[in-house]
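Participant: Please read through the structure below; I'll follow up with questions.
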Amino acid sequence: MLKRKKMTKFVQLFIVSVLLVTPLFSQAGITVTDSQGNKQLAQYAQRIVVLNWDLAEQILELGVTPVGMPDIAGYKEWVSKPGVPAEVQDIGTRVEPNYEKIAALKPDVIIFASPQADLQSKLERIAPVLFYQTFSASHDNAQAAIDNFLNLAGVVNRQELAEQKLKAMADKLGDLKQRLLLAYDGELPKVTTMRFASTTSVFLYGGNSMPEYALKQLGIKPALDLPVTQWGIVQKRISDLHTITDGTVLYFEPFDKKQALSRSRLWQSMPFVRGKRVNSVATSWSYGGAMSIQYIAEGITESLLALAAKSNEMSAN
């Protein structure tokens, strides 16, 4: 009888201890990683406000719909993929978001990047914040985008999906490379990619840019050697492009001044224009997340395949 009472008391004490400890574990939440280190969240994020396009792209690619993001119309024009679901609310610009709109969405986390770094203290009054820096002259931007993709997957509990997508991208890049090698008989052209700033100046993508990283994965060398910069771009006058004597030039859409450019004697005098080694690339964001590497590579491949087909057609005639 005494033994049974002792056993009953032991069981009661065990149950009480479990009940006391369990809330401590539930309150601990989850540990996530951003560019500032490890942080604690109460749970996996569900209501997310994201303040930069590259991070919005990353979250959407993970199959999560943010409750708010900035300048959705601009995103649709310049980023394009992945698409933005209709229920996502526009919370203002990337540089000056609307704090009242953000607060009204009751986010459980706000995700921001370097363009919003000075807003961190204000954002922290609304909800927990996570900071991800993709673009810096002190690191490899493409690798940072991939690392951030994996870290963000940990925020929304989509780690397995992130790994699957990265593997699928690597396989896709390999397939694109083989298509180009076949089209160019194993001798791929040197390529410079750019965006038009105007009809007289351009932003060239060089070291540490997403387009140059995509070119490297396709086995393509740059037609111009450019320095490493934070965003991977160097602004030049169009007249400076005359040094691209035997390379190919690809420019990213959108660009709405093609007619004016076609009338420019300076543009028409460029060696790559006279040699018909210039083409546009379908809209993709060259300051994006991990999966933008694939979209850029796909656009570059289609553009180069079109040039190869035209060249073969001209040779046949």
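For reference, each letter of the sequence shown is one residue, going -28 to -1, 1 to 289 in mature numbering (1 follows the signal peptide of the UniProt record, and there is no 0). Just so it is clear, CB atoms sit at the ideal spot from N, CA and C, and this is done for glycine as well.
What three-state label does DSSP hand residue 215 in the structure shown?
Facilitator: Residue state, collapsed to three classes: helix.
Participant: Would you call the region 213 to 225 and the region 187 to 203 in contact, with 3 or more CB pairs under 8 Å?
Facilitator: A contact exists between the region 213 to 225 and the region 187 to 203.
Participant: So if DSSP puts residue 251 in a beta bridge, which residue, or which two residues, is it bridged to?
Facilitator: Bridge partners of residue 251: 222.
Participant: Just to confirm the assignment, what range does the alpha helix (DSSP H) spanning residue 150 have?
Facilitator: 131 to 155 is the extent of the alpha helix (DSSP H) around residue 150.
Participant: Buried or exposed for residue 57, please, with buried defined as at least 16 other CB atoms from any protein chain shown within 10 angstroms of its CB.
Facilitator: That one is exposed.
Participant: How big is the Cα-Cα spacing for residue 107 and residue 243?
Facilitator: Cα to Cα, the separation comes out at about 32 Å.
Participant: Per the DSSP calculation, residue 10 is bridged to which residue(s)?
Facilitator: 5, per the DSSP bridge assignment.
Participant: For residue 65, count neighbouring Cβ atoms within 10 angstroms of its own Cβ and tell me buried if that reaches 16, exposed if not.
Facilitator: By the 10 Å Cβ count, residue 65 comes out exposed.
Participant: Can you give me the C-alpha to C-alpha distance between residue 81 and residue 135, rounded to a whole angstrom?
Facilitator: Roughly 23 Å separates the two Cα atoms.
Participant: DSSP beta-bridge partners for residue 20?
Facilitator: DSSP lists 81 as partners of residue 20.
Participant: From 1, 237, 18, pick the residue whose C-alpha is nearest to that of residue 11; which is it?
Facilitator: For residue 11, the nearest C-alpha among the options comes from 1.
Participant: Quick check on this structure: which residue in 48, 55, 85 has the alpha carbon closest to the alpha carbon of residue 23?
Facilitator: Per the Cα distances, 85.
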